[in-house]
Amino acid sequence: HCYLDHAAATLYSDSQIKDTLSELQSSLLGNPHSRHFPSDTSTQLIESVRQRILEHFNTTAVEYDVIFTSGATEALKIVAENFQWNGSSKAFHGPDNDIVPKNNSEEQVHQKHPEVEDCSTDSSTGSSEKQVIEASPGAFVYVRENHTSVLGMRGLAHQAGAEVYCLPYKEALEIFQKAPYTYLVGDNIDSFIDGNGRKESTEPPEENEQLKTRNIDRMNEESFSNRRNCLFTYSGQCNFSGAKGPLEWIEQVQNGALNDFLKKSPINDQNSLMKANTSDLRWFVLLDAAGLSATCPLDLSRWQPDFVPVSFYKIFGYPTGLGCLLVRNTAWQLLNKSYYGGGTVLMVDSRQMVLVPRPRLHDRFEDGTLPYLSILAIRHGLDTVTKLTGGMGNIQQHVFHLARYTHHALKSYRHANGSPVARLYSEEDQWDVNTHGSIVNFNLLNSDGSYVGYAQVERVASLYNIYLRTGCLCNPGACQTHLDISQENLLHQYEAGHVCGDAQDLVDGLPTGSVRVSFGYMSSYKDADLLLKMVRECFVDGPLMLELSWMKKSVVLPSRTNVGKGPGEDKLHDGCGNVATHDKVTVISACIDVEGLKFSDSETDVITERSLKLLDSKYNSQQSHNVIDENEKVAAPCVAGELSNSEAASLTLTDIIIYPVKSCAGFKVQKWNISLEGLKYDRQWMIVTSSGVTLTQKRLPLMSLITPHINLEAGTLTLAYKGEMDVSVPLEPPVSTTTEMSVCGGRVCGDRVRGLNCGPKVGSWLSQMLGQPHLQLMQQMSKRTGKLESDVHGHLRESLSLVNESQYLVLHRPSVRKLILEIQRRGLNELTEDELLMRFRGNIVVDGGDPYEEDTWSSMAINDLHFQIQGGCRRCQMVCVVPDTGERTREPMLTLSATRGSSMKFGVHAMTVIAKESTNMPELNLFVGAPVVVYTSNIDARSQS
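Residue numbers for the sequence shown follow full-length UniProt numbering, beginning at 1 and rising by one.
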């Protein structure tokens with residue numbers, strides 16, 4: 001397996017899990033809100049982990065507090081929901097009730113400064129008892145290239161009256177790179193910050209420490225109440241492109257670098273402008289570190305953002321659903337909490353709206369019982385990463401070099417006609433460990449310059465056991481920026497049916513998303529090479545060419561030497577002593593002769609610009625001389641009369657195939673009855689786990705070896721497996737026993753379905769055959785409704801069995817033959833016509849006519865049955881499972897990808913058309929040899945009986 005989705009969630013290690021389980025097995029832990037010994041143990045463990053997190057980010061409890069959350073998204077939501085945008089205190093305080101020192105004990109809070117939130121509206125209390133200081137709202141500024149969770153903060157800021165600004169990344173770079181800057185710091189103190197973020201105070205040197213103290217102590221109640229609070233949010237590392245946001249921005253923003261930017265119109269009120277006077281603005285910074293902290297060190301003693309969201313599963317994989325919000329102690333009073341859950345208060349009066357919140361920030365915001373057993377695992381995760389890698393600094397270097405190696409290779413690839421193989425999305429051509437992280441984002445291109453859809457790339461990657469991420473990656477800003485998706489195009493894509501997370505990868509030939517690969521600390525050059533191999537073998541038209549002229553400056557490159565063991569085989573040194581073999585199936589026509597140029601296995605060796613130019617000149621001079629070896633050529637077989645019959649031909653039903661158990665083998669019949677859901681008993685059963693997970697050949701290819709058979713006379717469904725005893729269940733359970741049978745469930749294409757458990761005997765048999773524990777055979781009980789639409793009738797909401805999308809899947813034999821010829825022309829493995837038919841798992845197979853003419857069908861008729869065509873069937877890796885062995889091959893999916901476009905459609909969906917007045921299905925059946933009449937969208941008969 002080649003896992004290249006570490007930016008979404010990295011993998012956990014064996015030792016990490018073993019250490020975590022060992023501590024759980026040897027400890028007695030209880031709810032931290034109780035007061036017994038197990039409770040106290042849990043409390044101490046939580047606090048020790050809190051301290052370990054602070055150490056990981058090189059800071060202390062004096063500077064930051066740690067609030068445990070379910071992840072970075074909840075951390076962002078906490079800030080958005082509780083941030084005081086208008087600089088006023090919404091809590092009602094008495095005249096002597098200033099901000100409570102955070103080091104007070106409970107007793108001191110009660111006796112000295114009880115921070116009581118009295119939300120009652122008793123008018124008898126004088127104004128001297130309650131004070132509400134109102135101020136103008138501040139602003140929320142976010143970098144456009146941000147995660148959806150950051151964009152979600154806009155609505156809460158808008159509701160609170162704040163003005164909302166969208167700042168494109170490139171414009172942010174221009175703003176922060178300008179020098180000199182004159183900012184407002186503290187109380188009317190000017191300071192100079194150059195383009196690198198270094199601050200030079202205009203005060204005398206001996207007063208710098210006082211300036212620092214005054215600037216850090218920004219929570220003085222009087223000055224705080226008179227200020228407009230502004231929050232700037234950006235990502236430490238973009239989860240789309242891998243670009244790193246400069247950490248120098250933090251201090252620059254805190255010192256007013258964005259004051260002038262607020263003179264523009266906000267996106268939530270085009271008629272509103274911030275006051276020209278910016279002396280009352282107070283800036284805070286939220287650094288979204290979910291992506292950055294996964295593979296890079298973050299030193300909070302050097303860089304001090306006010307809020308830092310983190311997700312731990314991105315760092316070490318386990319546990320999921322756990323993160324934290326690091327809050328700088330000078331900013332914690334900005335979070336004015338309204339809701340208080342269990343464990344967050346010192347005192348609460350149930351009769352009136354009076355409570356005393358706990359003085360420590362994390363105690364106030366950690367509502368209810370913490371996931372203390374999961375928190376225990378954080379320490380083992382951090383310790384394991386350090387033990388295995390030596391620290392985050394090493395991880396940062398490792399993943400950067402893997403990403404750069406992959407990026408540079410893809411950027412150099414060219415089709416035989418010289419056109420680029422990939423379009424890459426990154427902020428800068430010159431990569432540096434401080435500007436780029438572990439991510440490579442791209443779209444592949446055909447030789448004519450058209451885009452390959454990301455869904456097509458994802459399906460092909462699955463054949464190589466490569467797991468990557470596609471789409472917009474929950475970062476619409478970066479996606480729309482890099483893919484040049486205008487507001488008009490965005491709406492057009494939505495109206496065309498594309499939504500976030502779907503597989504509609506192209507609209508009018510333009511991409512709606514992209515392909516992302518991301519590396520983790522356990523990734524290797526072997527993983528990168530497998531990805532590159534897939535691209536070369538499946539998406540390069542003709543011999544591969546290399547273009548190096550874009551490398552203008554000194555670049556560290558892997559060394560290429562002819563150390564292969566046979567002709568046509570060479571090896572690529574990756575710069576770390578690893579050797580990646582490229583087999584001779586891939587013909588690299590632009591393989592540059594590097595004789596005379598010195599390469600080294602050391603990753604620190606640099607190819608100079610002069611060497612690059614020499615390489616490029618050699619490459620250009622050899623382009624015209626590179627040819628494919630004669631042994632590599634594949635002669636396409638010549639078939640007499642090959643697909644040349646363009647005149648109208650009769651169509652005939654040649655095969656009827658029933659698949660009683662979802663994802664298991666099918667069997668052919670000569671004649672069969674029709675039901676309301678399709679062929680009777682087709683996909684009426686499916687195999688599920690005890691936890692409700694539906695098994696398919698995608699997960700378990702061996703399911704293809706289970707052969708069902710239906711005996712209508714005996715009323716039984718029999719399951720067979722080669723060399724094993726059969727097992728049978730009744731087709732229709734007796735009514736008297738259905739109430740005694742247990743109910744089980746699973747999911748089919750997002751639908752929750754329920755059915756009858758066919759019993760422990762067949763379940764045990766399935767578990768033994770498939771090697772999976774606690775399996776169940778479920779017979780459909782609940783009804784499902786179709787979701788496909790037809791061009792003529794729209795959404796018909798037909799009844800479905802346990803099929804994925806439609807009642808019938810129609811296959812056309814001429815199209816199968818055409819596909820076989822294409823596979824043979826590509827020199828790949830040979831497939832018979834019948835084997836390929838079984839791989840595509842169609843119910844109705846017809847013969848006659850031209851290849852792929854079914855793409856134009858709108859309806860068809862067989863005997864007295866009328867069928868509505870519902871579009872082509874998008875293919876997945878199930879077509880690569882060999883029915884007789886359960887093994888996976890890469891065909892026919894690779895050829896489908898090359899010949900049928902991004903969606904890789906083959907065969908068409910269909911449903912039976914029943915008169916609206918009919919309440920029951922008439923007694924109808926299909927039989928092999930019946931004539932078939934098909935109609936195009938022009939309602940013309942394609943063939944006649």
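Ideal Cβ positions, reconstructed from N, Cα and C, are used throughout, including at glycine.
With a 10 Å radius around its C-beta and 16 neighbouring C-beta atoms as the bar for buried, classify residue i as buried or exposed.
i	result
residue 71	buried
residue 36	exposed
residue 465	exposed
residue 43	buried
residue 760	exposed
residue 307	buried
residue 168	exposed
residue 832	exposed
residue 765	buried
residue 259	buried
residue 7	buried
residue 34	exposed
residue 714	exposed
residue 712	exposed
One question on the structure: do residue i and residue j come within less than 7 Å of each other, judged by their Cβ atoms?
i	j	result
residue 819	residue 892	yes
residue 695	residue 687	yes
residue 802	residue 779	no
residue 245	residue 256	no
residue 477	residue 145	yes
residue 358	residue 346	yes
residue 453	residue 505	yes
residue 85	residue 162	yes
residue 946	residue 859	Because the chain is modelled from 1 through 945, residue 946 falls outside the range shown and cannot be assessed.
residue 768	residue 878	no
residue 912	residue 822	no
residue 663	residue 703	yes
residue 473	residue 516	yes
residue 240	residue 58	no
Go through its chain and collect everything with a Cβ distance to residue i's Cβ below 8 Å, but skip five positions before and after it.
i	result
residue 467	1, 2, 3, 4, 5, 461
residue 17	318
residue 542	415, 416, 417, 447, 589
residue 743	754, 755, 756, 757, 781
Only counting the same chain, and skipping five residues up and downstream in sequence, which positions put a Cβ closer than 6 Å to that of residue i?
i	result
residue 841	none
residue 815	851, 852
residue 443	423, 451, 511, 514
residue 14	none
residue 411	424
residue 178	none
residue 726	718, 720
Could you give the C-beta distance for residue i and residue j, rounded to a whole number, given that I count them as a contact under 8 Å?
i	j	result
residue 483	residue 447	No, residue 483 and residue 447 are not in contact; Cβ-Cβ is about 21 Å, not under 8 Å.
residue 658	residue 844	Not really, about 11 Å apart at Cβ, beyond 8 Å.
residue 908	residue 848	Not confirmed; about 15 Å, so no contact.
residue 930	residue 653	5 Å
residue 230	residue 154	Rounded, the Cβ-Cβ distance is 14 Å, inconsistent with contact.
residue 439	residue 242	3 Å
Kindly list the residues whose CB is nearer than 7 Å to the CB of residue i, restricted to its own chain and excluding five residues on each side of it in sequence; keep chain order.
i	result
residue 81	156
residue 538	460, 894, 897
residue 290	72, 309, 310, 311, 314
residue 398	521
residue 862	653, 926, 930, 932
residue 166	142, 144, 267
For chain D, find out if any of its Cβ atoms is closer than 7 Å to the Cβ of residue i; answer yes or no.
i	result
residue 851	Checking the listed chains, one finds no chain D in this structure; it contains a single protein chain.
**Study point:** Those runs of the beta strand (DSSP E) which lie wholly inside the region 725-761 and span at least 3 residues
**Key:** 727-730, 743-748, 751-757
Practice item. Run through the region 461-504 for me and flag every whole alpha helix (DSSP H) of 4 or more residues, listed as ranges in chain order. Key: 476-482, 487-495
Exercise for review: Could you tell me which uninterrupted beta strand (DSSP E) segments, each at least 3 residues in length, are contained entirely in the region 260-344, listed from first to last along the chain?
Suggested key: 281-288, 307-311, 323-328
Review point. What are the uninterrupted segments assigned as beta strand (DSSP E) that are 3 or more residues long and contained completely in the region 877-926, given in chain order?
Key: 905-912
Point to revise | Inside the region 508-540 only - beta strand (DSSP E) runs reaching at least 3 residues | key: 514-518
Exercise for review: Entirely within the region 387-437 and at least 4 residues each: give me those alpha helix (DSSP H) ranges in chain order.
Suggested key: 392-412
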